[in-house]
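**Student:** Let me begin by handing over the structure; questions about it come next.
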Amino acid sequence: MAGHASAVDGLTSRERVRFYLVDHQTVAGKTVDVALLSLILVFIALFIVETYAFAEPYLPILFQLEVAISFVFLGEYLLRLYSARNRLAEALNPYTIVDLLAIAPTLLIFLFPTVELVALNVGFLRVLRVMRALRFYRFTADEEFFFGTVSLSTLRAMKLALTVVTIFFVTAGLFYSFEHHLNPTVNNFGDAFYFVVVTLTTVGFGDITPVTNAGRWVTVSAIIIGIIIIPWQASRIVKEWTYKERVNVTCENCGLAYHDKDASHCKACGHVIYQQYDSRE
Numbered sequence: 021m022a023g024h025a026s027a028v029d030g031l032t033s034r035e036r037v038r039f040y041l042v043d044h045q046t047v048a049g050k051t052v053d054v055a056l057l058s059l060i061l062v063f064i065a066l067f068i069v070e071t072y073a074f075a076e077p078y079l080p081i082l083f084q085l086e087v088a089i090s091f092v093f094l095g096e097y098l099l100r101l102y103s104a105r106n107r108l109a110e111a112l113n114p115y116t117i118v119d120l121l122a123i124a125p126t127l128l129i130f131l132f133p134t135v136e137l138v139a140l141n142v143g144f145l146r147v148l149r150v151m152r153a154l155r156f157y158r159f160t161a162d163e164e165f166f167f168g169t170v171s172l173s174t175l176r177a178m179k180l181a182l183t184v185v186t187i188f189f190v191t192a193g194l195f196y197s198f199e200h201h202l203n204p205t206v207n208n209f210g211d212a213f214y215f216v217v218v219t220l221t222t223v224g225f226g227d228i229t230p231v232t233n234a235g236r237w238v239t240v241s242a243i244i245i246g247i248i249i250i251p252w253q254a255s256r257i258v259k260e261w262t263y264k265e266r267v268n269v270t271c272e273n274c275g276l277a278y279h280d281k282d283a284s285h286c287k288a289c290g291h292v293i294y295q296q297y298d299s300r301e
């Protein structure tokens, strides 16, 4: 703890804020991480619960809770801009943009109540609300977490799992937003999520089908994104596991990288690479 205390000694207030926003080791840094992660989960849960009929009597209370969390995230957003070394770069950072998009719909409806009527017609604000799931990616920016440091392969596996869940959630949210007013088989988020999982896993029971053009395009887009992104990230994990026991040395003759630790010749062209192998490693 003394080392952590000395790390913030002599820092300006701006530098101190930046330190705790990115820190994963001090008590304050871990508290910030856990609090933000918990609020994101609650924020997402509110979006899901509000789609069910049993929640209608409690909608005002749920919306007030959503507004309160949004203002917390707005404070975090402003603190990140305030403490950033380059504020323009921070504002244009994809993570920061996602943070703003996730809270913008709730804050707009709170500040301008008439916007909600427009939102119900065009679905724009409700569509943006599903973006809040993307906030989880900020926690996978590096290998440092509030519970410790993870390996690169573990981090990539976490990103793959998060990517799959995000694709399912965002697609289900968009599908619900476009379909629930016109499609009698889509009554809540659970129906939309069921459709997405069944569709993207190519099971396709056919009991729920899109009836709007927007719903069809969401489905097609999700399938294309799933086909491209999921195998790409999975291949990175497989590559990491495959090359884990090899040394990243490139053959000067043919350009082949990653050789066995005790290799003295390139296995592709036979060129001498003379790797030093230490059996104690």
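Take the position in the sequence shown, starting the count at 1, then add 20; the result is the number in the working numbering. Cβ coordinates follow ideal geometry from the N, Cα and C atoms, glycine included.
1) Looking at the structure shown, is valine 238 part of a helix, part of a strand, or coil, going by DSSP?
2) On a Cα-Cα basis, can you pick out the residue from Tyr97, Leu220 and Asn203 that is closest to isoleucine 117?
3) For valine 292, which residues does DSSP report across the bridge?
4) CA-CA distance, glycine 235 and histidine 201?
5) Which whole-angstrom value describes the C-beta separation of valine 190 and glutamate 199, a residue pair presumed to lie in contact below a C-beta threshold of 8 Å?
6) Contact between the stretch 32-41 and the stretch 98-114 is defined here as three or more beta-carbon pairs at a separation below 8 Å; is this criterion met?
7) Would you say the beta carbon of phenylalanine 213 is closer than 8 Å to some non-hydrogen atom of the ligand ADP?
8) How long is the line joining the alpha carbons of arginine 248 and phenylalanine 213, rounded to whole angstroms?
9) Please state the DSSP three-state secondary structure of glutamate 76.
10) Under a three-way DSSP split, which group does asparagine 113 fall into?
11) Could you pull out every unbroken alpha helix (DSSP H) segment of at least 4 residues lying fully inside the stretch 28-91, listed in chain order?
12) Assign valine 7 to one of two classes, buried (16 or more other C-beta atoms within 10 Å of its C-beta) or exposed (fewer than that).
13) Answer yes if the stretch 82-96 comes into contact with the stretch 107-114, meaning at least three C-beta pairs across the two stretches below 8 Å, and no otherwise.
14) Leaving out five residues before and five after alanine 192 in sequence, what residues of the same chain have Cβ atoms less than 7 Å from its Cβ?
15) Determine the burial state of aspartate 227: buried for a count of at least 16 other Cβ atoms within 10 Å of its Cβ, exposed for fewer.
16) Kindly give me the distance between the Cβ atoms of valine 54 and leucine 41, rounded to whole angstroms, as I take these residues to be in contact under 8 Å.
17) Using a threshold of 9 Å, state whether the C-beta atoms of valine 269 and isoleucine 243 are closer than that.
18) Could you check the C-alpha separation between glutamate 70 and cysteine 271 for me, to the nearest Å?
**Tutor:** A quick look at the data gives this:
1) Here residue 238 refers to the residue found at position 218 of the sequence shown. Helix.
2) Taking the first residue of the sequence shown as position 1, residue 117 is located at position 97. Of the listed residues, the one whose Cα sits closest to isoleucine 117 is Tyr97.
3) Here residue 292 corresponds to residue number 272 of the sequence shown, with the count starting at 1. Note: valine 292 sits in a beta bridge opposite His285.
4) For the purposes of this step, residue 235 is taken as the residue at position 215 of the sequence shown. For the purposes of this step, residue 201 is taken as the residue at position 181 of the sequence shown. Taking the straight line from one Cα to the other gives about 12 Å.
5) Along the sequence shown, one-based indexing puts residue 190 at 170. Along the sequence shown, one-based indexing puts residue 199 at 179. Actually they do not touch by this definition, with Cβ atoms about 15 Å apart.
6) yes
7) This structure lacks the ligand ADP, and indeed carries no ligand of any kind.
8) Locating residue 248 in the sequence shown gives position 228, counting from the first residue. Locating residue 213 in the sequence shown gives position 193, counting from the first residue. The sequence shown places isoleucine at residue 248, not arginine. Near 20 Å, if we compare the C-alpha coordinates of phenylalanine 213 and isoleucine 248.
9) What you label residue 76 is simply residue 56 of the sequence shown in a count that begins at 1. Helix at glutamate 76.
10) Taking the sequence shown and counting its residues from 1, one reaches residue 113 at position 93. Asparagine 113: coil per DSSP, three-state reduction.
11) 33-42 and 47-69
12) Any question about residue 7 goes unanswered here, given that the chain covers just 21 to 301.
13) no
14) Translated into the one-based positions of the sequence shown, residue 192 becomes position 172. Phe209, Ala212, Phe213 and Val216, listed in sequence order.
15) Working through the sequence shown from its first residue, we reach residue 227 at position 207. Label assigned to aspartate 227: exposed.
16) Within the sequence shown, residue 54 is the residue found at index 34, counting from 1. Within the sequence shown, residue 41 is the residue found at index 21, counting from 1. Incorrect: roughly 14 Å between the Cβ atoms, too far for contact.
17) As a working mapping, residue 269 is identified with position 249 in the sequence shown. As a working mapping, residue 243 is identified with position 223 in the sequence shown. Contact: no.
18) For the purposes of this step, residue 70 is taken as the residue at position 50 of the sequence shown. For the purposes of this step, residue 271 is taken as the residue at position 251 of the sequence shown. Cysteine 271 has its alpha-carbon roughly 58 Å from the corresponding atom of glutamate 70.
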